[in-house]
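Q: Sharing a structure with you now.
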Amino acid sequence: MVILYLLTLTFPIVAIGQQFNVVPQEHFVHGILGPYPGVTRLSDGAILFGFTSFGPNGESIIRISRNTNQGRTFTAHGEFARCPRADCDNISLLEVPAPNDPVVLTAFLNHDWDSPQRQNYKFFRITICQSIHGG
């Protein structure tokens with residue numbers, strides 16, 4: 137189960153000119169096991185939460201959940217990477233301005249295994265994806 141711990145922020149976020157105070161409570165995103173979370177707040181106030189989960193054959197799956205009520209509940213928003221022969225994890229999310237709609241960039245490690253036994257890495261990569269649809 138993924139548990140998102142939200143801590144109290146005590147400094148203003150100057151980039152958007154607001155201060156967010158978050159209560160220190162546990163929020164259970166949903167019942168899918170997975171490590172390596174990444175969180176970002178979007179310009180429309182929504183929160184995106186990304187993490188790695190694992191499929192039945194050990195494949196890494198990068199999943200995204202979305203929140204629109206100040207962090208109280210999250211709903212599954214989608215998945216954007218399935219890595220059957222690679223270790224995909226350590227997600228980072230960032231919204232950047234664009235001419236029309238904001239773009240969400242997602243970076244994650246994407247390391248190929250050298251064999252089906254998954255003992256050593258063969259290639260090391262950082263993959264960056266973009267979404268023009270709010271994540």
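Following this note's numbering, the numbering of the sequence shown begins with 137 at its first residue and continues without gaps. A virtual CB, placed ideally from N, CA and C, is assigned to each residue, including glycine.
Which same chain residues, not among the five before or five after C219, have their C-beta less than 7 Å away from its C-beta?
A: Here the set comprises E195, S196, N246.
Q: Pop quiz: P173 and G186 are said to be a contact at Cβ under 8 Å. What is the actual Cβ separation, rounded to whole angstroms?
A: Contact holds; Cβ gap of about 7 Å.
Q: What would DSSP say about L241, mapped onto helix, strand or coil?
A: Residue state, collapsed to three classes: strand.
Q: For T176 versus L230, is the C-beta distance shorter than 8 Å?
A: Yes, the Cβ-Cβ distance between T176 and L230 is below 8 Å.
Q: Could you compute how far the alpha carbon of N205 sits from the alpha carbon of R221?
A: So the alpha carbons of these two residues sit roughly 37 Å apart.
Q: Would you call the CB atoms of A217 and I198 closer than 8 Å?
A: In contact: A217 and I198 (Cβ atoms closer than 8 Å).
Q: For S179, is the classification buried or exposed, using 16 other Cβ atoms within 10 angstroms of its Cβ as the cut-off for buried?
A: By the 10 Å Cβ count, S179 comes out exposed.
Q: Buried or exposed: S274, going by 16 or more other Cβ atoms within 10 Å of its Cβ?
A: For the chain, the structure presents residues 137 to 271; residue 274 sits outside this window and is missing.
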